Amino acid sequence: MFSLLKTRPRKRAERGRGSAPRAPRPRLGPPTGPPSANRRGGGRRPEPASPTNRTRAEGPRAAAREDAPAAPIHQDALDSLLPGDDVVVLDEPVIGGSAAYRVLKRGFDVTVCAVALVVLAAPMLVIALKIKSESPGPVIYAQNRVGKDGRVFRLFKFRSMYVDAESRGARWAGGEDRRITPFGRFMRKTRVDEIPQLWNIVKGNMSLVGPRPERPVFCREFEKRIHGWRYRTHVTPGLTGLAQVMGGYELLPREKVKLDLAYIRHRGIRTDTRVLLRTIGVITTGSGAR
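Just so we're aligned, residue 243 is where the sequence shown starts under the numbering used here, counting upward by one.
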């Protein structure tokens, strides 16, 4: 062992004297070769990305951005929703509900909605076939809505309108809305079109009870005249809410937001139970539907 250690330097020295001189090491400094050969990884210089290449490379992110430009609000609809020139200023609410209430609320949401999706699987299939037979287009309609803390998510509904319903701009649903299909009118009256939102609740985008989520384009316009509209997003939006059972579509946004903030202040098991019971009454009578 000791002899091997002693002979290694001699062998290295003998190899250095008797062999051809080694090639000099490359000098460190700026590259001297062609630009394409000196890039990390070698190869050709990448070509400028075309729109097709960008879409292919970015994948889902590119597809998500295709939905970003929302249709502008039709001026007539905006004038009817925000009449006059006055500006409403709202106080930020203190969020009600204990930690235990929030845990129970989430557990109740997931359990009830998961069971409901299984039980309603067959009726949902029948509804899908009816929608498909009545008008061309997808069965499920996905739309951007503003959720908790202003996060935008995709809300799912059974399609109740014709495909080109908002080709002339976004509108608030009306009583005699010609954009609604005949079967869609029945679904809206009975709230059947909202069934796919049970999946939104299971995912955590929504809750059974809470302020209804609105579209980003409406939220931006409402905030200009209703300072504090964004306070509605302090809690998870709901499938039904206090504003829905107290007036629904008949309420102007400035009236609706006051009820939503009142719910946020006083929410709890008792409040949620009352809203759910009143929702059953609204569904059976069809009141406030559009």
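Even glycine gets a Cβ: it sits at the ideal position worked out from N, Cα and C.
On a predicted model such as this, the values are computed, not experimentally measured, just so you know.
Could you give the first and the last residue of the continuous beta strand (DSSP E) run that contains VAL394?
394–400
Counted within 10 angstroms of its Cβ, other Cβ atoms place ASN295 as buried (16 or more) or exposed
With a pLDDT of 44 at ASN295, under the threshold of 50, the modelled position of that residue is not reliable, and the figure given next carries that caveat. Its Cβ having fewer than 16 others within 10 Å, ASN295 is exposed.
C-alpha distance - GLY470 paired with PHE398, whole-angstrom precision
Approximately 27 Å, taken between the alpha carbons.
So ILE373 and ARG401 are supposed to be a Cβ contact under 8 Å. How far apart are they, rounded?
6 Å
So which of ARG462, TYR505, THR527, ARG509 has the shortest CA-CA distance to ARG387?
ARG462
Helix or strand or just coil, what does DSSP make of SER449?
strand
Tell me the rounded alpha-carbon separation between GLY483 and TYR343.
17 Å
Using only the alpha-carbon positions, how far apart do LEU518 and ARG512 sit?
10 Å
Name the DSSP bridge partner or partners of ALA384?
PHE398
Under the assumption that ILE506 contacts ILE337 (Cβ atoms under 8 Å), give the Cβ distance between them as a whole number of angstroms.
6 Å
THR432, enclosing alpha helix (DSSP H) - first and last residue
424–432
So, for ALA305: in the same chain, excluding its five sequence neighbours on each side, which residues have a beta-carbon less than 6 Å away from its beta-carbon?
Residue placement at ALA305 cannot be trusted, given a pLDDT of 35 that sits under 50; what the coordinates show is reported in the next sentence. Once the five neighbours on either side are set aside, ALA305 has no close Cβ partner at all.
Do LEU450 and GLY480 have their beta-carbon atoms positioned less than 8 Å apart in this structure?
yes
Considering only the beta carbon of each residue, do LEU362 and ILE468 sit closer than 8 Å?
no
Please name the residue, chosen from THR478, ARG520, GLU492, GLY446, that lies closest to CYS355 on a Cα-to-Cα basis.
GLY446
Taking only the alpha-carbon atoms, compute the straight-line gap between VAL330 and ARG496 and give it to the nearest angstrom.
7 Å
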